[in-house]
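Quick note on mature numbering (1 follows the signal peptide of the UniProt record, and there is no 0): the sequence shown kicks off at 1 and runs consecutively.
This report refers to the structure that appears directly beneath it.
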Amino acid sequence: CSDELFIRPLSLVLSAAVRKGITEAVARAFKDTRVKAVVLCGENGKFCGGADIREFAKAMSGPPLVPMIHAIEAGEKPVVAAIEEMALGGGLELALGCHYRVAHAKARLGLPEVTLGLLPAAGGTQRLPRLTGIPAALDLITTGRHISAQEALKLGIVDRVTEGNAVEAAVELALSVVGRPLAPRRLSNHATPLPADLDGVFEEVLVQVKRRARGAMAPVACAKAVRAAAELPYSRGLECERELMNTLFTSGQARALQYCFFAQRAAGKWSLPNGARWDNSRPRAVHTAGVIGLGTMGRGIAVCLVKAGISVVAVETEEKQLDSGRRAVRGMLERDAKRRGVTAPLHMITFTLSMQQLRDVDLVIEAVFEDMALKKSVFAELSRVCRPNALLCTNTSGLDVDELASVTDRPPLVVGMHFFAPAHVMKLLEVICGPRSSPETVATAMTLGKRLGKVSVAVGNCPGFVGNRMLKLYLDQAHFLLEEGASPEQVDQALEEFGFALGIFKVADLSGLDIGWRVRKAAGLIGPDVDPKFPSRHRQGRRYCPLPDLLCEQGRLGQKSGRGWYLYDSAGGKEARPDPAISSFLQEYRLRYGISARRITEQEVVERCVFVLANEGFRILEDGMAAAPEDIDMVYVFGYGWPRHRGGPMFHAAQVGLATVLQRLEFYHRQNPDIPHLQPSTLLRRLVGARSPPMQQWKQHIRSINSQL
Ligand SMILES: CCCCCC/C=C/CC(=O)SCCNC(=O)CCNC(=O)[C@H](O)C(C)(C)COP(=O)(O)OP(=O)(O)OC[C@H]1O[C@@H](n2cnc3c(N)ncnc32)[C@H](O)[C@@H]1OP(=O)(O)O
1 CSDELFIRPL SLVLSAAVRK GITEAVARAF KDTRVKAVVL CGENGKFCGG ADIREFAKAM
61 SGPPLVPMIH AIEAGEKPVV AAIEEMALGG GLELALGCHY RVAHAKARLG LPEVTLGLLP
121 AAGGTQRLPR LTGIPAALDL ITTGRHISAQ EALKLGIVDR VTEGNAVEAA VELALSVVGR
181 PLAPRRLSNH ATPLPADLDG VFEEVLVQVK RRARGAMAPV ACAKAVRAAA ELPYSRGLEC
241 ERELMNTLFT SGQARALQYC FFAQRAAGKW SLPNGARWDN SRPRAVHTAG VIGLGTMGRG
301 IAVCLVKAGI SVVAVETEEK QLDSGRRAVR GMLERDAKRR GVTAPLHMIT FTLSMQQLRD
361 VDLVIEAVFE DMALKKSVFA ELSRVCRPNA LLCTNTSGLD VDELASVTDR PPLVVGMHFF
421 APAHVMKLLE VICGPRSSPE TVATAMTLGK RLGKVSVAVG NCPGFVGNRM LKLYLDQAHF
481 LLEEGASPEQ VDQALEEFGF ALGIFKVADL SGLDIGWRVR KAAGLIGPDV DPKFPSRHRQ
541 GRRYCPLPDL LCEQGRLGQK SGRGWYLYDS AGGKEARPDP AISSFLQEYR LRYGISARRI
601 TEQEVVERCV FVLANEGFRI LEDGMAAAPE DIDMVYVFGY GWPRHRGGPM FHAAQVGLAT
661 VLQRLEFYHR QNPDIPHLQP STLLRRLVGA RSPPMQQWKQ HIRSINSQL
């Protein structure tokens with residue numbers, strides 16, 4: 001506090017206590033005749049991360065944000081926001097209520113409320129369009145994307161950007177504007193600059209927003225609120241903003257999205273039965289890594305590592321594969337660097353045919369073909385070649401990590417790292433903790449995942465781990481629905497309307513139908529004793545659907561062969577078209593097996609596919625293969641295209657009501673007694689018996705906690 005200035009630090013979030021502090025301090029500063037200007041800055045070099053999301057689940061307390069910001073804007077002394085590190089959500093709205101904004105060059109700004117199922121309801125939807133115009137405001141508010149200080153300067157959101165101390169620059173600016181008229185600086189006074197074809201702009205944006213939203217309400221509400229800024233005076237626009245927010249605020253979607261925010265952070269906080277945890281285990285430093293195999297997965301993994309600043313030695317067995325891998329990896333790195341306007345770090349990766357080159361690396365990620373014998377031979381070789389303390393990781397989608405560890409000289413240093421294709425794009429990383437993986441090994445894999453920009457989830461070592469173990473049963477349901485009368489496009493449409501990024505049959509075509517075919521062969525489900533003309537619909541004591549095998553036998557392997565569950569223009573084509581040949585194929589199949597097709601509703605498709613996922617999730621919790629329902633949900637949200645606004649299969653089950661899920665599973669199991677996975681799990685039954693406690697208490701209902709993590 002000086003004669004001319006009053007500086008008040010904020011903490012990261014605008015909690016009730018912080019709002020109270022600001023309201024009182026600003027009122028005092030406005031009253032104090034010695035104070036000529038005010039600078040708002042954050043604590044510890046962070047301006048503000050927005051409203052305290054945890055408060056949304058409680059009754060409102062403390063001064064509300066809207067009048068607080070209004071009082072700042074209406075004040076007769078200049079208020080300058082000094083934005084260090086971030087101004088997000090309510091934090092940016094607060095800054096927009098200030099008369100001037102100064103940002104540090106490294107600060108990020110944004111209105112990410114839409115990602116939490118909300119809209120910027122502290123005047124953000126009304127002030128931002130008045131400042132930037134409609135198109136930029138629509139972009140920022142409907143996507144929630146963060147922008148750099150430089151972009152904010154270009155858009156006029158901040159007045160100055162400094163490489164130096166933002167608070168000092170704000171103080172300097174504040175002192176320089178004392179006495180200047182404030183009315184032109186009050187954004188709520190501004191008229192919104194309008195594009196020539198306002199209707200056209202909104203029509204186009206609404207189409208895009210609805211397509212991207214996949215059923216999420218918030219992006220559409222955001223666009224409507226911005227439209228109000230274009231058409232209504234500020235005060236009426238604010239009313240519209242409030243009404244739209246009220247609908248969103250109490251919606252299940254907002255609860256789901258806020259749950260995802262915390263679940264994503266909780267997933268990083270792993271623990272093992274021996275007491276090792278994320279906060280008491282030290283990860284190893286990783287400076288150099290080896291990648292073995294430059295197929296689709298190995299290429300993506302190598303790119304991720306290089307982009308994270310880790311030097312890579314990439315190994316292949318044949319000159320031809322090495323060459324095409326080298327070209328692909330370099331191309332990906334060059335395209336990425338071009339997009340970001342930097343030089344591609346090609347010097348950070350070497351390509352070789354010799355495993356000997358791995359002798360000095362800190363860690364190796366093996367990404368060879370999914371075949372146990374092959375992987376074992378690679379791991380045995382790595383034991384001989386690598387430094388004794390190098391970590392050995394396997395990128396596998398379902399093989400036994402401990403079996404692999406057993407062929408090495410260092411089982412505690414072996415861990416699974418299941419990347420998802422394409423590995424440089426997909427956010428999920430399943431870290432498979434073998435029974436002998438050491439805490440340091442798990443900590444290193446989890447931390448490495450975070451460094452690569454992934455959401456790392458620690459899972460146990462069971463067939464398929466968490467994600468693919470559940471996927472198998474989901475896919476089974478989809479196949480059974482085809483037998484019973486549905487078409488692939490009908491199943492996909494129901495799932496896409498539910499919010500999945502892609503229907504399951506489109507996903508299967510994209511991944512390649514031969515992958516599952518190989519897995520089923522390895523599991524002994526397909527073999528010489530199966531009648532090729534009339535394959536049995538019961539195997540290993542349960543119902544089995546031979547449809548995908550029959551498709552593979554016809555050479556229909558999905559996108560790569562131009563034909564799978566759908567038809568594509570050519571091999572490698574992306575546009576899926578319904579194929580009349582599949583319709584006849586299904587009719588003939590049903591006729592041959594005496595199945596009379598029935599009408600299958602969208603509700604049945606969604607319930608059978610989605611509840612079976614949750615049911616297996618309960619079994620996974622009981623088996624100790626995942627530590628918490630949040631972990632399972634994050635696997636599905638980040639790895640399997642599950643709609644984030646539905647929280648994840650476990651959250652969805654809780655939101656629908658566990659008793660309803662139980663009752664629907666019982667119903668479908670009665671209809672299909674030969675599908676054991678429709679039989680409700682013991683944990684689900686127990687939870688319903690305990691009157692469906694909240695998710696945080698589910699663990700207490702597992703009889704004997706048998707953590708495999
Ligand atoms: C009718 C009602 C009218 C209401 C009108 C007002 C509406 C306002 C809307 C909002 O402002 S909604 C909030 C908008 N803000 C955000 O979405 C930002 C969320 N946070 C982040 O993106 C990041 O956390 C960060 C701020 C960029 C920091 O990232 P970093 O990687 O450095 O740390 P994290 O691990 O993510 O977070 C650390 C720690 O802090 C917790 N946390 C972060 N932000 C919030 C928040 N806004 N509210 C509550 N808690 C927050 C986070 O959960 C971590 O906690 P943990 O216990 O360590 O896991």
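By construction, the Cβ of each residue, glycine as well, lies at the ideal position given by its N, Cα and C atoms.
Using a 10 Å radius around the Cβ and a threshold of 16 neighbouring Cβ atoms, would you call residue i buried or exposed?
{"i": "SER692", "result": "buried"}
{"i": "THR132", "result": "buried"}
{"i": "ASN706", "result": "exposed"}
{"i": "GLY499", "result": "buried"}
{"i": "ASP492", "result": "buried"}
{"i": "ASN246", "result": "exposed"}
{"i": "HIS418", "result": "buried"}
{"i": "VAL207", "result": "exposed"}
{"i": "ALA84", "result": "This sequence places Glu at residue 84; Ala is not what is there. The residue is buried, with at least 16 neighbouring Cβ atoms inside 10 Å."}
{"i": "ASP3", "result": "Only weak support exists for where ASP3 lies, its pLDDT of 46 falling under 50; the value from the coordinates is given anyway. That one is exposed."}
{"i": "ARG703", "result": "exposed"}
{"i": "LEU374", "result": "exposed"}
{"i": "ARG8", "result": "Note that ARG8 scores 49 on pLDDT, short of 50, meaning its location in the model is unreliable and no value can be drawn from it."}
{"i": "LEU10", "result": "Because the pLDDT at LEU10 is just 49, under 50, the model does not fix this residue reliably, and the value given afterwards should be weighed accordingly. Classification for LEU10: buried."}
{"i": "MET372", "result": "exposed"}
{"i": "TYR593", "result": "exposed"}
{"i": "THR343", "result": "exposed"}
{"i": "THR142", "result": "buried"}
Just grab the DSSP bridge partners of residue i for me.
{"i": "MET417", "result": "VAL431"}
{"i": "VAL26", "result": "Answer by DSSP bridge pairing: none, since VAL26 is not bridged."}
{"i": "PHE351", "result": "ALA314"}
{"i": "ILE147", "result": "LEU109"}
{"i": "HIS538", "result": "ARG543"}
{"i": "ILE292", "result": "VAL315 and GLU366"}
{"i": "VAL455", "result": "LEU428"}
For residue i and residue j, what's the separation of their Cα atoms in angstroms?
{"i": "VAL171", "j": "PRO129", "result": "27 Å"}
{"i": "CYS98", "j": "PRO78", "result": "8 Å"}
{"i": "ASP531", "j": "ILE595", "result": "19 Å"}
{"i": "MET426", "j": "ALA191", "result": "42 Å"}
{"i": "LYS533", "j": "ASN389", "result": "54 Å"}
{"i": "TYR474", "j": "LEU153", "result": "48 Å"}
{"i": "TYR566", "j": "ILE69", "result": "55 Å"}
{"i": "LYS269", "j": "LEU12", "result": "21 Å"}
{"i": "PHE618", "j": "CYS462", "result": "15 Å"}
{"i": "ALA29", "j": "GLU239", "result": "29 Å"}
{"i": "LEU513", "j": "ALA149", "result": "46 Å"}
{"i": "VAL688", "j": "ALA627", "result": "20 Å"}
{"i": "ARG236", "j": "ARG186", "result": "17 Å"}
{"i": "VAL656", "j": "PRO680", "result": "15 Å"}
{"i": "ALA314", "j": "HIS645", "result": "39 Å"}
{"i": "ALA508", "j": "ASP633", "result": "21 Å"}
Just to confirm, are residue i and residue j a CB contact at a threshold of 9 Å?
{"i": "residue 728", "j": "VAL457", "result": "Here the chain has residues from 1 to 709 only, and residue 728 is not among them."}
{"i": "GLY564", "j": "PHE505", "result": "yes"}
{"i": "ALA87", "j": "CYS48", "result": "yes"}
{"i": "MET625", "j": "GLN708", "result": "yes"}
{"i": "ALA218", "j": "VAL114", "result": "yes"}
{"i": "VAL385", "j": "GLN356", "result": "yes"}
{"i": "GLY50", "j": "GLY90", "result": "yes"}
{"i": "LEU305", "j": "SER324", "result": "no"}
{"i": "MET470", "j": "LEU591", "result": "no"}
{"i": "ARG327", "j": "LEU481", "result": "no"}
{"i": "GLN126", "j": "ALA221", "result": "no"}
{"i": "GLY298", "j": "ALA213", "result": "no"}
Report task. Count the C-beta pairs between the stretch 603-615 and the stretch 563-578 that are closer than 8 Å, then say yes if the count reaches three, no if not. Result -> The stretch 563-578 and the stretch 603-615 do not touch, with fewer than three beta-carbon pairs separated by less than 8 Å.
**Report entry** Contact the stretch 392-399 vs the stretch 358-374: 3+ CB pairs below 8 Å
**Finding:** yes
Query raised in the report: Taking one C-beta from the stretch 251-270 and one from the stretch 230-238 each time, how about it: are there three or more such pairs within less than 8 Å?
Result: no
Query raised in the report: Taking three-plus beta-carbon pairs below 8 Å as touching, is the stretch 276-291 in contact with the stretch 149-164?
Result: no
Query raised in the report: Is the stretch 172-182 touching the stretch 63-81 in the sense that three or more CB pairs, one from each, lie closer than 8 Å?
Result: yes
Query raised in the report: So, do the stretch 539-559 and the stretch 520-529 have three or more beta carbon pairs nearer to each other than 8 Å?
Result: yes
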